[in-house]
């Protein structure tokens, strides 16, 4: 019974973090598509930080985190050029 309670709490927390990661990613995408370099840079920093935290806690695999961060960085580089 306790294990089920713990599982539910962790499931809800993980779901919230995954949702936040998607939201942060979308924020970067919309900022880069709008051409707002300053907002995109801030959003990228925040997104990369949250991705690192999710990988450190084991929510996502470290290679997945690296791939996502790389894609965000590539978007930023394309915007700056």
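In this note's numbering, the protein residues as written are 957 to 1037.
Cβ coordinates follow ideal geometry from the N, Cα and C atoms, glycine included.
Cβ distance (whole Å) where residue 984 is taken to contact residue 1031 below 8 angstroms
Taking the chain shown and counting its residues from 1, the one referred to as residue 984 is at position 28. Taking the chain shown and counting its residues from 1, the one referred to as residue 1031 is at position 75. Contact holds; Cβ gap of about 6 angstroms.
As a quick exercise: from 1004, 960, 968, pick the residue whose alpha carbon is nearest that of residue 977.
Locating residue 977 in the chain shown gives position 21, counting from the first residue. Closest by alpha carbon: 1004.
Any chance the region 958-970 sits against the region 994-1009, with 3 or more Cβ pairs inside 8 angstroms?
Touching, no, given that fewer than three Cβ pairs across the two stretches are closer than 8 angstroms.
Could you round the C-beta distance between residue 1008 and residue 1021 to whole angstroms and report it? I think they count as a contact, below 8 angstroms.
Here the question's residue 1008 lines up with position 52 in the chain shown. Here the question's residue 1021 lines up with position 65 in the chain shown. Contact flag correct, Cβ pair sits at about 7 angstroms.
Identify whether residue 975 lies in helix, strand or coil by the three-state DSSP scheme.
Along the chain shown, read from residue 1 onward, the residue named residue 975 stands at position 19. Residue state, collapsed to three classes: helix.
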